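Take a look at the structure below.
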Amino acid sequence: GAVVSQHPSWVICKSGTSVKIECRSLDFQATTMFWYRQFPKQSLMLMATSNEGSKATYEQGVEKDKFLINHASLTLSTLTVTSAHPEDSSFYICSASNRDSGMFFGPGTRLTVL
Amino acid sequence: AQSVTQLDSQVPVFEEAPVELRCNYSSSVSVYLFWYVQYPNQGLQLLLKYLSGSTLVKGINGFEAEFNKSQTSFHLRKPSVHISDTAEYFCAVRSGGYNKLIFGAGTRLAVHP
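Those protein sequences? They're chains A and B, same order as listed. Residue numbering for the first sequence is 1419 to 1532, as defined by the numbering used here. Residue numbering for the second sequence is 16 to 128, as defined by the numbering used here.
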């Protein structure tokens, strides 16, 4: 199957700083990428849907000014958590898809905000 | 709105025993259903999916699931589990736009020797 990578896999930051997480589709062009967050022992909650070259569509309750999503190319989407706080600590997972290849998930990024 | 309910948060089972993880969905339109597995600190891996056709779907690692429209269910089964099957399992339904997935709360399968 297709490969989706995330970088970094684990990041620790101080409260108030910003963190950028990258999601890359390594062997196919992803017209759509999704960002999820997962709290410990809970399910994945969709944060936003990102189509290449256009603004992301955020789910209800997700602050678009806090979670900045950029999908500038068919192989890369970034999620920036701005002014991170301890309550933003979570496991962030991206998925990448196109009509022909289906959808594939990245391995996730664990964010810990101190 | 579509939703997914996984009835069991945890399922303990002994090695080589059969297992069924339950999933019910709500939808007023045609559905596409998925089961994913997540090992600790990892992303999701697709086990199997139902898009159309035969209601019995076979996936990887010996898992299978049966789509039951009348009962709005998509239960996951394996006739004989291994220790390595210990993981979190998520049922999901495709909602709205292309490939947008709604996940259930997950079921933790714990296989004991």
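Even glycine gets a Cβ: it sits at the ideal position worked out from N, Cα and C. Given the structure is predicted, the values throughout are model-derived calculations rather than measurements.
Item checked: Burial state of residue 117 of chain B, where buried means 16 or more other Cβ atoms lie within 10 Å -> Taking the second sequence and counting its residues from 1, the one referred to as residue 117 of chain B is at position 102. The residue in question, residue 117 of chain B, is buried, as its Cβ has 16 or more Cβ neighbours within 10 Å.
Notebook entry, point to check: Residues of chain A with a CB under 7 Å from the CB of residue 121 of chain B: which are they?
Noted result: By 1-based counting over the second sequence, the position of residue 121 of chain B is 106. Correct list: 1461.
Check: Quick one: what does DSSP say residue 27 of chain B is sitting in, helix, strand or coil?
Finding: Reading the second sequence from its first residue, position 12 is the one you call residue 27 of chain B. Reduced to three states, the DSSP call for residue 27 of chain B is strand.
Item checked: Opposing strand residues paired with residue 1463 of chain A [DSSP bridges] -> By one-based count along the first sequence, residue 1463 of chain A stands at place 45. Per DSSP, A:1455.
Note to self: Under 7 Å, CB to CB, which of the residues in the stretch 59-77 of chain B have a partner in chain A?
What the structure shows: 59
Notebook entry, point to check: Is there at least one Cβ from chain A nearer than 9 Å to residue 40 of chain B's Cβ?
Noted result: Locating residue 40 of chain B in the second sequence gives position 25, counting from the first residue. No - not a single Cβ of chain A is within 9 Å of the one on residue 40 of chain B.
Note to self: Measuring alpha carbon to alpha carbon, tell me which residue in A:1433, A:1456, A:1436 and A:1431 is nearest residue 1525 of chain A.
What the structure shows: Here residue 1525 of chain A refers to the residue found at position 107 when the first sequence is read from its first residue. That would be A:1456, whose Cα lies nearest to the Cα of residue 1525 of chain A.
Note to self: For residue 1485 of chain A and residue 29 of chain B, I'd like the C-alpha separation in whole angstroms.
What the structure shows: If you number the first sequence from 1, residue 1485 of chain A lands on position 67. If you number the second sequence from 1, residue 29 of chain B lands on position 14. Each residue's alpha carbon lies about 43 Å from the other.
Note to self: With a threshold of 9 Å between beta-carbons, can residue 115 of chain B be considered close to chain A, or not?
What the structure shows: On the second sequence, residue 115 of chain B is found 100 positions in, with the first residue counted as 1. So yes, residue 115 of chain B belongs to the interface.
Note to self: On the CB-based measure, 16 or more other CB atoms within 10 Å of its CB, does residue 1518 of chain A come out buried or exposed?
What the structure shows: On the first sequence, residue 1518 of chain A is found 100 positions in, with the first residue counted as 1. That one is exposed.
Notebook entry, point to check: Using the beta-carbon count (16 or more within 10 Å), is residue 103 of chain B buried or exposed?
Noted result: The residue labelled residue 103 of chain B in the question sits at position 88 within the second sequence. The residue is buried, with at least 16 neighbouring Cβ atoms inside 10 Å.
Check: According to a CB-to-CB cut-off of less than 7 Å, which residues of the stretch 1480-1494 of chain A neighbour chain B?
Finding: none
Next item on the list: Mark residue 19 of chain B as exposed unless 16 or more other C-beta atoms lie within 10 angstroms of its C-beta, in which case mark it buried.
Entry: Residue 19 of chain B sits at position 4 when you count from the first residue of the second sequence. Result: buried.
Notebook entry, point to check: From what residue to what residue does the beta strand (DSSP E) around residue 1537 of chain A run?
Noted result: Nothing in the structure corresponds to residue 1537 of chain A, since chain A is present only between 1419 and 1532.
Next item on the list: Look at the alpha carbon of residue 1532 of chain A and the alpha carbon of residue 126 of chain B, and state the distance between them as a whole number of angstroms.
Entry: Walking along the first sequence from the start, residue 1532 of chain A turns up at place 114. Walking along the second sequence from the start, residue 126 of chain B turns up at place 111. Spanning the two alpha carbons is a distance of roughly 35 Å.
Check: Among A:1463, A:1490 and A:1474, which one has its Cα closest to the Cα of residue 120 of chain B?
Finding: Taking the first residue of the second sequence as position 1, residue 120 of chain B is located at position 105. Of A:1463, A:1490 and A:1474, the residue nearest in Cα terms is A:1463.
Next item on the list: Using the Cα positions of residue 1429 of chain A and residue 1435 of chain A, report the straight-line distance between them to the nearest angstrom.
Entry: The residue given as residue 1429 of chain A occupies position 11 in the first sequence. The residue given as residue 1435 of chain A occupies position 17 in the first sequence. If you take the alpha carbons of residue 1429 of chain A and residue 1435 of chain A, they lie about 12 Å apart.
Item checked: Beta carbon proximity, residue 1436 of chain A to chain B, threshold 9 Å -> Taking the first sequence and counting its residues from 1, one reaches residue 1436 of chain A at position 18. No, no contact with chain B.
Notebook entry, point to check: Hey, would you say residue 109 of chain B sits closer than 9 Å to residue 46 of chain B, going by beta carbons?
Noted result: Numbered from its first residue, the second sequence carries residue 109 of chain B at position 94. Numbered from its first residue, the second sequence carries residue 46 of chain B at position 31. Yes, Cβ-Cβ distance for residue 109 of chain B and residue 46 of chain B is below 9 Å.
Next item on the list: Note down the Cα distance separating residue 1510 of chain A from residue 1459 of chain A, rounded to an integer number of angstroms.
Entry: To locate residue 1510 of chain A, count along the first sequence from 1; it is residue 92. To locate residue 1459 of chain A, count along the first sequence from 1; it is residue 41. Residue 1510 of chain A and residue 1459 of chain A: Cα-Cα distance of roughly 14 Å.
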